[in-house]
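Residue numbers (our numbering): 1 to 83.
Structure record follows, encoded as structure tokens.
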């Protein structure tokens, strides 16, 4: 799973050149309109966020291209991140 996360972060960072160092981009893909989030790398230590990454792996596998899509609603991700 760590290799998957590392590849997705590298892809996210290369596609999003305006992202500050120490951050990466994800998309909350559920709901009527997907929402983009810029997230600090520190959240990779958040147990609930790691569970969400595991759900993404189970739903999408390792074949995703581009920004990492998470199988959740924007409100759910905001709650996990406490934004």
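All residues carry an ideal CB built from backbone N, CA and C; glycine is no exception.
Owing to the predicted nature of the structure, the values given are computational and were not obtained by experimental measurement.
{"Asked": "Which residue's Cα is closest to the Cα of residue 23: 60, 80 and 41?", "Found": "41"}
{"Asked": "Return helix, strand or coil for residue 18, following the three-state DSSP convention.", "Found": "coil"}
{"Asked": "Given the structure, does residue 52 come close to the ligand FAD, in the sense that its CB is under 6 Å from one of the ligand's heavy atoms?", "Found": "Ligands in the displayed structure: none, and consequently the ligand FAD is not present."}
{"Asked": "How many Å lie between residue 36 and residue 28 at the Cα?", "Found": "6 Å"}
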